[in-house]
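Notes for the one structure printed next.
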Amino acid sequence: MNATPHSNPSTTEQAVGDSALRGDYEFVVVSNRLPVDRVTDADGNPSWKQSPGGLVTALEPVMRQRDGAWIGWGGQPDLDLEPFDNDGIHIIPVPLSADEIENYYEGFSNDTLWPLYHDVIAAPGFHRVWWDSYVLINKRFAEAAAAASSEGAIVWVQDYQLQLVPKMLRELRPDLTIGFFNHIPFPPYGIFSQLPWRLQIVEGLLGADVIGFQRVADAGNFSRAVRRLTSHVTKNPHIEVPVENGPSRRVIAKAFPISIDSQSYEELARQPHIQARAKEIREGLGNPKTVMLGVDRLDYTKGIGHRLKAFGELLAEGRIDVEDVTLVQVASPSRERVTAYMQLRDEIELTVGRINGDFSTMSHTAISYHHHGYPREEMVALYLAADVMLVTALRDGMNLVAKEYCAARFDNDGVLILSEFTGAWDELKRSLRINPHDIDGLKDAILQAISMPRRDRAARMRSLRKRVLENDVAKWSTSFIETLGATRAPAVHAELVVPELDADPLGELEWTVDLRFDRKADK
Ligand code: GDG
C-alpha cells in the first residue's frame, strides 16, 4: 500500500471515521525525523542511507516481525516523496516547507518547548504563529499515522515535537493502541504552567494509552500537571480520562529509562583498530598523564561552559598542569539557525580560545576543541582514550553519552563524572556525582577522578557497566511495547514479544538517536 502521508491538513476533520484512513501496517513509529538520511552521489543522484541509532536498532526486529512503518520528516525542506522500503522498514516521509521548519521545528519545538522543558535555562519564546504551525504539523503527522495503520495497529509516537499527535490520532482512529515516549524531561508544574497552551499539550498526550518518561520525577511532574489542569483522577501510574458516553480510559504514565545498544559499543571497543586509534589520539595530544573528555551536542543544556570554567580555574590555580592534563571537547553542531545556539557557540569558543591562549604551551594544548560530528568508531576510540569522562548537563532527559562511555570501557577503567541533573544519574550511582552549578565541587570531583587509584576506578566501572549492559535499549523498547500491549486484549499482547536484538558487529552505525530525531535536521 502507498498511503499518502500528507494530504491537506485541513481535511483532518472530514476524514474522521473515513474508512479510506486505513493502511497495512501493524506497528507504526512516528518521529520528527526519519531513521534514514538522504544522500546524493557524485552525479547528483539521491538515495537513502539508513542511520540506525539505538532506537532503530531496538525497533528493527519488531518492525520486521510485525510489518512496521516509520513516519517522519526527511530532514530537508519541501521533500515531497512517495513512501518507500529501506532495509526491511517501510518509510513514509512527511514533507515540511521552509516556513514550517522555521515555525514548528526551530520555533515551537526548539525555542519554546526545549528551553521550557529544560528548566528555562534559556528563555522560551512564546509566539502564536509558532504554536499554529505546531498544531498544523502535528495534524499532518497524525493523519499520516492514521493512513498507514492497519485495524487495531500499535502506533508509537516519539518525543516533544509531536505531543498533540496521540489525541489527534485517537480522534481519527479510535481502534489504535497509542504509545508516546518523551525523550526530554517533563518540567515541574511551576515552569510548565508558563506555557499558554499547557492544557492542549496535556490533553494531546492523554490521547495515548501509555506515556513514557525518562525519570520517575518526569512522570510525577506530568501527573501533577494533569491534576492541576483537569479534574481527572490519578493514581500512580494510572490516569482516568473520562470519555463522553462511555467508560473512562485508563492511561499509564510512567518512567521507561532509555538506553543504548550497549553490546555494540563494547564490540567496537574490543576491535584492535579502534584501540590503536585510541592510542594514536593520546599520542596526538602529546601523551598527557590524563585525558579528560566531553562529548555533547553544542547545546546550552549540556553545561559545557560550567565544565570549561572549572577546568580553566584548576589550571589558573596551578592545581593541574597543562603538560599533565588535556581536555578534549567534542561539541557537535546543533540547531545552528536558532539564535540561542549561535550565541552559545560564540561564548564557548571565546572561552576555549582564552583558556588555550592563557595556558597552552608549544607542546601541549589545554583544550582540544572540535566543532564536528564524528563517526561512531571515532567516538568509541575517544571513549577508550579518555581517563575521565565529563557529563555536566544542567538538565538532561537521560544522557546517552554517559552510558556509551561505560559500555565502551570493557577494560573496567576510566572515571565517569556525572551531573545529578541527568536521567542517567538515577541508574549510574557509582559515578562521581556533581552539581554543575557548584564549580568548586566540580573542580574537586575532577581532581578526585584524576588521582583515583586503579582499584577504585575498576570497582566503580565494573558496577556501572553491569547496569548499562543489563539495561540496554532492547530491554527499554520491549518493556514499553509490552506495557502498551497489556492495555489491549490478552490475545494481541501475546504477539508483542520483541525478538533478540541484532547487534551491529561491524559498528557501521554512524549516527545516534539524537542525530536522527534532531541534529540531522540542522544540516
Ligand atoms: C536527547 C535527550 C536523551 C554526539 N555527537 C556525536 C554523536 N553524538 C551522539 C552521542 C549520543 C547522542 O549523540 C547524544 O545523546 P544524548 O543522550 O547525550 O543527548 P541529546 O542529543 O540531547 O538526546 C537526551 C536522548 O535524547 C535519548 O532519549 O538521552 O536526554 O536530550 O548517542 O554519542 N555521535 C556521533 N558523532 C558525533 O559527533 N557518531
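The sequence shown begins at 711 in my numbering and counts up one residue at a time. Beta carbons: idealized from backbone N, C-alpha and C, even for Gly.
State yes or no: is the C-beta of I894 nearer than 7 Å to some heavy atom of the ligand GDG? Residue 894 sits at position 184 when you count from the first residue of the sequence shown. I894: yes, Cβ under 7 Å from the ligand GDG.
Please list, in chain order, all residues of the same chain as F932 whose beta carbon is under 6 Å from its beta carbon, the five residues on each side excluded. Your numbering for residue 932 matches position 222 in the sequence shown. F896, A963, listed in sequence order.
C-beta contact flag for T1000 and V1098 at 8 Å: In the sequence shown, residue 1000 corresponds to position 290, counting from 1. In the sequence shown, residue 1098 corresponds to position 388, counting from 1. A Cβ-Cβ contact shorter than 8 Å links T1000 with V1098.
In DSSP terms, what K759 is bridged to: Indexing the sequence shown from 1 puts residue 759 at position 49. In the DSSP output, where bridge partners are listed per residue, K759 has D747.
Boundaries of the alpha helix (DSSP H) in which T1248 is found, first to last residue: Here the chain has residues from 711 to 1233 only, and residue 1248 is not among them.
Among residues of its own chain, excluding the 5 on either side of D790, which ones have a beta-carbon nearer than 6 Å to its beta-carbon? Residue 790 sits at position 80 when you count from the first residue of the sequence shown. Here the set comprises P805.
Output the distance between the C-alpha atoms of G778 and S903, rounded to the nearest integer angstrom. The count along the sequence shown starts at 1 and reaches residue 778 at position 68. The count along the sequence shown starts at 1 and reaches residue 903 at position 193. Roughly 37 Å between the two C-alpha positions.
Which residues mark the beginning and the end of the beta strand (DSSP E) in which V1040 is found? Numbered from 1 along the sequence shown, position 330 holds the residue referred to as residue 1040. That run of the beta strand (DSSP E) goes 1035-1042.
Given this structure, state the Cα-to-Cα distance separating A858 from G782, to the nearest angstrom. For the purposes of this step, residue 858 is taken as the residue at position 148 of the sequence shown. For the purposes of this step, residue 782 is taken as the residue at position 72 of the sequence shown. Cα to Cα, A858 sits roughly 12 Å from G782.
State the CB to CB distance for the pair Y899 and R938, rounded to an integer number of angstroms; the pair is presumed to be in contact (CB under 8 Å). As a working mapping, residue 899 is identified with position 189 in the sequence shown. As a working mapping, residue 938 is identified with position 228 in the sequence shown. Contact flag correct, Cβ pair sits at about 5 Å.
In whole angstroms, what separates the C-alpha of W1135 from that of K1012? Along the sequence shown, read from residue 1 onward, the residue named residue 1135 stands at position 425. Along the sequence shown, read from residue 1 onward, the residue named residue 1012 stands at position 302. Each residue's alpha carbon lies about 14 Å from the other.
Is there at least one non-hydrogen atom of the ligand GDG closer than 7 Å to the beta-carbon of R1064? As a first step, residue 1064 must be located in the sequence shown, where it is residue number 354. Not one heavy atom of the ligand GDG sits closer than 7 Å to the Cβ of R1064.
May I ask whether a heavy atom of the ligand GDG can be found less than 7 Å away from the beta carbon of G1083? By one-based count along the sequence shown, residue 1083 stands at place 373. G1083 Cβ: within cutoff of the ligand GDG.
Measuring from the CB of G1107, is there a heavy atom of the ligand GDG at a distance below 7 Å? If you number the sequence shown from 1, residue 1107 lands on position 397. At least one heavy atom of the ligand GDG is nearer than 7 Å to the Cβ of G1107, so yes.
Assign T750 to one of two classes, buried (16 or more other C-beta atoms within 10 Å of its C-beta) or exposed (fewer than that). Walking along the sequence shown from the start, residue 750 turns up at place 40. Exposed, by the Cβ-count rule.
On the three-pair Cβ rule with 8 Å, is the region 800-815 touching the region 877-891? no
With a Cβ-Cβ cutoff of 8 Å, do I949 and E1087 count as a contact? For the purposes of this step, residue 949 is taken as the residue at position 239 of the sequence shown. For the purposes of this step, residue 1087 is taken as the residue at position 377 of the sequence shown. Cβ atoms of I949 and E1087: not closer than 8 Å.
Leaving aside the five residues before and after L1018 along the sequence, list all residues of the same chain whose C-beta is less than 6 Å from its C-beta, in chain order. Locating residue 1018 in the sequence shown gives position 308, counting from the first residue. Only T1061 meet the Cβ criterion.
Beta carbon of V749: closer than 7 Å to some heavy atom of the ligand GDG? Here residue 749 corresponds to residue number 39 of the sequence shown, with the count starting at 1. No - the ligand GDG has no heavy atom lying nearer than 7 Å to the Cβ of V749.
Return the residue from the list Y1093, V1178, R1105 that minimises the CA-CA distance to E989. Along the sequence shown, one-based indexing puts residue 989 at 279. This sequence places Lys at residue 989; Glu is not what is there. Answer by Cα proximity: Y1093.
The region 1019-1038 / the region 1071-1080 touching (three or more Cβ pairs under 8 Å): yes
What residues in its chain sit with their C-beta under 8 Å from that of P998, if we drop five residues either side in the sequence? Numbered from 1 along the sequence shown, position 288 holds the residue referred to as residue 998. Same-chain partners within the cutoff: R992, E1033, D1034, V1035, T1036, H1074.
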